[in-house]
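Let me begin by presenting the structure, written as structure tokens, before commenting on it.
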Amino acid sequence: MEHIADAIRTLKNELPQGVKLVAVSKFHPVEMVCAAYSAGQRVFAESRPQELAAKVNALASMKGADGKPLYDEIEWHFIGHLQTNKLKLVLPYVSMVQSVDSMHLLEAIDTWGRENGKVTDVLLECHIASEETKQGFGIDEIPGIVAAGRNFSNVRIRGLMGMATFTDDESVIRWDFSRIHNLFISVKDSQGSSNGQCSSFSELSIGMSEDYRIALEYGSTMVRIGTMIFGPRVY
Ligand SMILES: *Cc1c(COP(=O)(O)O)cnc(C)c1O
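Read left to right, the sequence shown gives residues 7 to 241 (our numbering).
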């Protein structure tokens, strides 16, 4: 558990100001979330609805001698594939869904939000990797989705999320990040000019344990780090 505090300290020192550290706790026990919280970490992410809901409930039940909840400052993000029949396990708890990968899901989050009185911040997940399996919108689809998103009252599209190709070849990773970065800048610029005001489209979530340093060079505003903080996952 000491390793967790060390890793968080190292990362916080290394990340430039304005870059948010998202600690990815998926597949790790809730005690590890507690250890990271004690080291000052407040933003966590999960990728499976049931696991998120179980951790939220477990943490809510942990109270100090004074009866106050010990871990009530956590900001949860969701980063996995989300099916619309699982929204109620996720949306009540999260401040952001980073993994919106279809128009159908965007509409469902908006509808759920209208029915439950919540506005959810989301990122559009872009498919930038060369693997077929990675979820997400194609780069060409993003401007249209952002435009359509202006009609939703209960979702706010805050930016883009992407995963680079899983490879040791740094030039491939750079190519992936440069494409999502260019897309991010072009959408952000067009948003600013069409609104005539400061846009809330401001987040670029790129970078994981193996490639976050490269992602920072391409304008990452949020890094999602699991292994480096919590160690390898046992699936
Ligand atoms: C698991 C996961 C991460 C964390 O990956 P690490 O390599 O363990 O840092 C980041 N982003 C997404 C979308 C993930 O599913």
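Think of the CB as a built atom: it goes at the ideal place given N, C-alpha and C, for glycine as much as any other residue.
Asked	Found
Backbone secondary structure at residue 34 - three-state DSSP	coil
Which of helix, strand or coil DSSP assigns to residue 88	coil
Ordered list of alpha helix (DSSP H) runs contained in the segment 171-232, each at least 4 residues	176-201, 218-223
Three-way DSSP call (helix, strand, coil) for residue 106 in this model	strand
For residue 168, the residue or residues it bridges with in DSSP	132
Selected residue, minimal CA-CA separation from residue 211, among 19, 56, 104, 157	104
Unbroken alpha helix (DSSP H) run spanning residue 52, endpoints	Here residue 52 belongs to no alpha helix (DSSP H); instead the beta strand (DSSP E) covers 49-52.
Own chain residues within Cβ distance below 8 angstroms of residue 202, not counting five before or after	Note that residue 202 scores 47 on pLDDT, short of 50, meaning its location in the model is unreliable and no value can be drawn from it.
Nearest neighbour of residue 94, chosen from 228, 241, 117, 155 [CA to CA]	117
Same chain, Cβ closer than 6 angstroms to residue 236, neighbours up to 5 away in sequence not counted	34, 38
Contact check, residue 128 vs residue 102, beta carbons under 9 angstroms	yes
Segment contact flag, the segment 55-64 with the segment 14-25, C-beta cutoff 8 angstroms, min 3 pairs	no
Any non-hydrogen atom of ligand 1 within 8 angstroms of residue 104 CB	yes
Option in 82, 64, 146 with minimal Cα separation from residue 99	82
Per DSSP, the bridge partner or partners of residue 126	161
Heavy atom of ligand 2 within 8 angstroms of residue 233 beta-carbon	No copy of ligand 2 appears in this structure; the ligands present are ligand 1.
Helix, strand or coil at residue 75 according to DSSP, with G and I counted as helix	strand
Classification of residue 218 by the beta-carbon crowding that lies within 10 angstroms, buried from 16 upward	buried
Among 183, 44, 65, 120, nearest to residue 157 - alpha-carbon criterion	120
Residue 69 to residue 50 span [Cα, whole Å]	19 angstroms
Residue 134 versus 42, 186, 113, 90, residue with shortest Cα-Cα distance	186
Pair within 9 angstroms by beta-carbon distance, residue 172 and residue 193	no
One or two residues paired with residue 81 in a DSSP bridge	49
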